[in-house]
Amino acid sequence: VVESTVETLAHNPNGTTRLNQYLVHKYLGQGSYGTVYQATNLDTGIEYAIKEFSLSFLRRTLWSLIQRHPNARRSTPATPTAASGAAAAADAQLRHEIAVLKRLHHPHCVKLHEVLDDPDNDALYMVIDLCPNGPVWRVDRVAGQAAVRLAPVIARKYFTDILLGVEYLHAHGIYHHDLKPANLLLTADDQVKIVDFGIAEMLKHPGKSTSSSASSRRRMPTQSTLAAASDVWSMGVVLYMMLFGRLPFFSPILIHLYRAIAHDDPPLLVAPHATTQVSADAIDLLTGLLAKNPRDRISLDRIRAHPWISDHGRIVLPTRDENVAVVEGVSEADVQLAV
1 VVESTVETLA
11 HNPNGTTRLN
21 QYLVHKYLGQ
31 GSYGTVYQAT
41 NLDTGIEYAI
51 KEFSLSFLRR
61 TLWSLIQRHP
71 NARRSTPATP
81 TAASGAAAAA
91 DAQLRHEIAV
101 LKRLHHPHCV
111 KLHEVLDDPD
121 NDALYMVIDL
131 CPNGPVWRVD
141 RVAGQAAVRL
151 APVIARKYFT
161 DILLGVEYLH
171 AHGIYHHDLK
181 PANLLLTADD
191 QVKIVDFGIA
201 EMLKHPGKST
211 SSSASSRRRM
221 PTQSTLAAAS
231 DVWSMGVVLY
241 MMLFGRLPFF
251 SPILIHLYRA
261 IAHDDPPLLV
271 APHATTQVSA
281 DAIDLLTGLL
291 AKNPRDRISL
301 DRIRAHPWIS
311 DHGRIVLPTR
321 DENVAVVEGV
331 SEADVQLAV
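Right, dumping it as structure tokens:
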């Protein structure tokens, strides 16, 4: 991964922007933590997505969360501007997380290719894989439904891609906490790639590094178990949408939605409303994914061994060891060069 400082930033009359060797030519959308654009590397002709972050926003958010963290020292200044060391703490956290993201590499996780630092304009740019076919699924926020449901063979293929990507992230101490169709993008060759896994983890759980070995040692077993179970639940919601073309729980009134999630069975999975739209194997897997109690929820190991995933032995996945190839540790030099 290349680390660079923004040397060229020029806005052209035709609406494009020159950002070092990249020509930014298309707005793709607003992500959870930044704005996303499509850009061409003028040296190679390769298309990328570039995500723009506000450095001050990242620092403020990190600092606020660090302050609320149970392990925050009482002597720590109350704001990032209260002491130079305070702002440095947030910067150090940001650098470490980016250094870890640079070392991750998996076919179903978006790859970070370059980081561009532009402190004069309060900006940080991450150059990542472009997934031109967009979200794996688009849901009508008003109706809680999609236009069509996917054929089981397509749903299985996409879900297996997600499974392998999540398994890789979990093996390296990263829990997404925000798996949804908007964060599951399709490449030109119809592969699913997971996005927004590093920044989401960092901003929701400061101090819990995404470094594989270090994070696994620091996290309490219960924390890891619950974080993994949360991602499994989200995978269940995604699979339900793929197979049924609708959300398992939906209400325009938020408190009603919370109650349904907490107390109701997913429609179409249990008698007397069980459906024949999908196979019994798919129903069984969905029931395990959407179990209310996290401790009752199916594990990733059991998901990969489920007959619906393997189509009763017709599909062979890479072994877990093959899938989660170890990421090298992050050195102090990596951290210093992260941004």
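Residues 1 to 339 in the UniProt record's numbering are what the sequence shown spells out, letter by letter.
Note that the Cβ used here is the ideal one computed from N, Cα and C, for glycine as well.
Keep in mind the model is a prediction, meaning the values are calculated, not measured.
Between V195 and V110, the CB-CB gap stays under 9 Å. The residue among I50, A280, A260 with its C-alpha nearest the C-alpha of E114 is I50.
DSSP lists I50, E114 as the bridge partner or partners of V127. In this structure, G134 is the residue among D311, A305, L42, G134 with its C-alpha nearest to the C-alpha of K193. Taken atom to atom, the span from the alpha-carbon of L254 to that of Y22 is near 42 Å. Residues of the same chain with a CB within less than 8 Å of the CB of L243, apart from the 5 flanking positions on each side, are R149, L150, P152, A155, Q277, V278, A282, L286 in chain order.
DSSP places S310 within a helical segment (H, G or I) once states are collapsed to three. By alpha-carbon distance to D129, the top candidate from V136, H170, P294, H105 is H105.
G29 carries a strand assignment under DSSP once its states are collapsed to helix, strand and coil.
With a cutoff of 9 Å on beta-carbon distance, Y175 and A227 are scored as near each other. A direct Cα-to-Cα measurement between E47 and H25 gives close to 10 Å. In the DSSP assignment, T287 falls outside any beta strand (DSSP E) and within the unbroken alpha helix (DSSP H) covering 280-289. Counting C-beta atoms within 10 angstroms of its own C-beta, G34 has 16 or more neighbours from the protein chains shown and is therefore classed as buried. S299 sits exposed, since fewer than 16 C-beta atoms from the chains shown fall within 10 Å of its C-beta. Excluding residues up to 5 positions away in sequence, L116, D117, D118 lie with their Cβ nearer than 8 Å to the Cβ of T5 in the same chain.
DSSP, read as helix, strand or coil, puts A10 in strand. Counting the other Cβ atoms within 10 Å of the Cβ of K292 gives fewer than 16, which makes it exposed.
If you ignore the 5 residues before and after R295, its C-beta comes within less than 8 Å of the C-beta of T225, A229, all in its own chain and listed in chain order. Under the three-state reduction of DSSP, Y175 is assigned to coil, being neither helix nor strand.
Cβ-Cβ distances below 8 Å link V324 to E167, Y168, A171, H172 in the same chain, with the five nearest sequence neighbours on each side left out; the list follows chain order. Check the Cα spacing between K180 and each of D190, D189, F197, A188: the tightest is with F197. When the five nearest sequence neighbours on each side are left out, the beta carbons in the same chain lying within less than 6 Å of the beta carbon of S234 are those of L179, in order along the chain. For R18, the uninterrupted beta strand (DSSP E) segment begins and ends at 17-19. Following the DSSP letters along the chain, one finds L186 inside the beta strand (DSSP E) bounded by residues 184-186.
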